[in-house]
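Numbering (the numbering used here), first residue to last: 85 to 315.
Heads up, the beta-carbon is just placed ideally off N, CA and C, and yes, glycines get one too.
First up is the structure itself, then whatever we jot down about it.
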């Protein structure tokens, strides 16, 4: 496997594990290890093969554009400020002017790499390694599909998408293009999440994956779903 691919994978994995002062965690839904069979995107029981590689420091910083410069976008991008030898933020797409300006100033983003919406990012030729998608939940599928189609790897904030079919679309494009998608399940690593799973009634565990993905993120049950296994 080419060394540059390992470096790209390593940093995305590290980003999912430690972005946001240790809050973010990655779950591989993208490229399998070379010896593992490719997942079937048409199946309703998709499972990613286990990861078989170990993290190591990259030879050069991975470059990324942040799509959605709200709280999560800034938290994840802050990893670049602490570890510039591993990650550089070189673009931002955000409709709220002061948020866009704040991230641009924090990371020295050039004026021609600042956009109002995610669609504008992909009107330009590919200019970095990865896209960090931290838009609202109902705006994950569009930029994910566009980013994968343009040849980017993704750090994708949960929920992956708003339906099981949209998730399968993302997996299909990931597999076909040989890209990497890391999904951030941030609250799996907060102290109260394991406690919630112990308190949840057994009947709550029997939820289809699509139901879990469509849950509004405001209540305790969706938070618990970060650890509840789908049935």
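Query: When burial is assigned at 16 or more other CB atoms within 10 Å of the CB, is residue 179 buried or exposed?; Result: exposed
Query: Can you find a heavy atom of the ligand NAP that lies under 7 Å from the Cβ of residue 205?; Result: For the structure depicted, the ligand NAP is absent and the ligand set is empty, with no information on it obtainable.
Query: Please classify residue 198 as buried or exposed, where buried requires at least 16 neighbouring CB atoms within 10 angstroms.; Result: buried
Query: Let me confirm a value: residue 169 is counted as buried when at least 16 other C-beta atoms fall within 10 Å, else exposed. Which label applies?; Result: exposed
Query: Which of the three DSSP states is assigned to residue 198 in this structure?; Result: strand
Query: Have a look at residue 181 and residue 141 and give me their C-alpha separation to the nearest angstrom.; Result: 34 Å
Query: Between the stretch 185-193 and the stretch 247-261, can you find at least three pairs of beta-carbon atoms closer than 8 Å?; Result: no
Query: Quick one: Cα of residue 230 to Cα of residue 144, how far?; Result: 25 Å
Query: Spatial neighbours of residue 216 within its chain, please: CB distance less than 6 Å, with the 5 preceding and 5 following residues excluded, ordered by chain position.; Result: 148, 150, 160 and 239
Query: Return the residue from the list 191, 267, 207 and 248 that minimises the CA-CA distance to residue 218.; Result: 267
Query: Look at the Cβ atom of residue 202, then the Cβ atom of residue 234, and state whether they are nearer than 8 Å.; Result: no
Query: Please list, in chain order, all residues of the same chain as residue 157 whose beta carbon is under 6 Å from its beta carbon, the five residues on each side excluded.; Result: 150 and 218
Query: So, with DSSP's three-state summary, where would you put residue 259?; Result: helix
Query: Might you give, ordered along the chain, the residues of its own chain that have their beta carbon closer than 7 Å to the beta carbon of residue 295, omitting 5 neighbours on each side?; Result: The predicted model places residue 295 with a pLDDT of 39, which falls under 50 and marks its position as unreliable, so this point remains unresolved.
Query: Whose C-alpha, out of 155, 163, 194 and 263, is nearest the C-alpha of residue 237?; Result: 263
Query: What's the gap between the Cα of residue 206 and the Cα of residue 227?; Result: 9 Å
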